[in-house]
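**Q**
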Amino acid sequence: MPAAFFVVRATVTDPAKREAFDTWYSHEHLPDAMRSFRAVKAWRYWSDTDPSLHQAMYQFPDKAALDRAIEGPEMKRLVADFNRDWPEVTRTREVLVLAEELASA
Numbered sequence: 001m002p003a004a005f006f007v008v009r010a011t012v013t014d015p016a017k018r019e020a021f022d023t024w025y026s027h028e029h030l031p032d033a034m035r036s037f038r039a040v041k042a043w044r045y046w047s048d049t050d051p052s053l054h055q056a057m058y059q060f061p062d063k064a065a066l067d068r069a070i071e072g073p074e075m076k077r078l079v080a081d082f083n084r085d086w087p088e089v090t091r092t093r094e095v096l097v098l099a100e101e102l103a104s105a
């Protein structure tokens, strides 16, 4: 089965809050989500074209593992924690399934 990815895109509109958000996400939320989701890997990005956009991506072995993670009670807790700490930050979520992978030789 192909790998699956859960992508969370957050918009941090207040430039004065981006450093605090970055620290919180790096030290608290990302490690907690990795453990809770049992993800294989995780990445975080800040957009270079729009500095208010933050994206986190979690890799799962397959779609079934991703579904278990986002449909379970830990997802509700993670969302509640995020909403408590960053109520003004809007988010969208996306589920992606690997269609093809190509590596250079």
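As numbered in my numbering, residues 1 to 105 make up the sequence shown, in order. The beta-carbon is built from N, C-alpha and C at its ideal position, and this holds for glycine as well. Since this is a predicted model, take the numbers as computed values, not measurements.
Considering only C-alpha positions, which residue in the set Q59, A16 and P31 is nearest to E94?
**A** Q59
**Q** Mind reading off the beta-carbon distance from P2 to L98? Whole number of angstroms is fine, and I expect it under 8 Å.
**A** 4 Å
**Q** In three-state DSSP terms, what is E94?
**A** Strand at E94.
**Q** Going by DSSP, what residues sit across from F5 in a beta bridge?
**A** In the DSSP output, where bridge partners are listed per residue, F5 has Q59 and L96.
**Q** Relative to the C-alpha of M34, which residue among A69, L96 and W46 is closest?
**A** Taking the Cα of M34 as reference, the smallest distance to any Cα among A69, L96 and W46 is reached at A69.
**Q** DSSP beta-bridge partners for H54?
**A** A10 and W46
**Q** Between V12 and F21, how many whole angstroms is the CB-CB distance? I'm expecting something under 8 Å.
**A** 5 Å
**Q** Quick one: any contact between the segment 73-83 and the segment 49-63, if contact means 3 or more CB pairs under 8 Å?
**A** no
**Q** If you draw a straight line from the C-alpha of W24 to the C-alpha of F5, how long is it?
**A** 22 Å
**Q** Assuming L30 and A56 make a contact with CB atoms under 8 Å, what is their CB distance in whole Å?
**A** 7 Å
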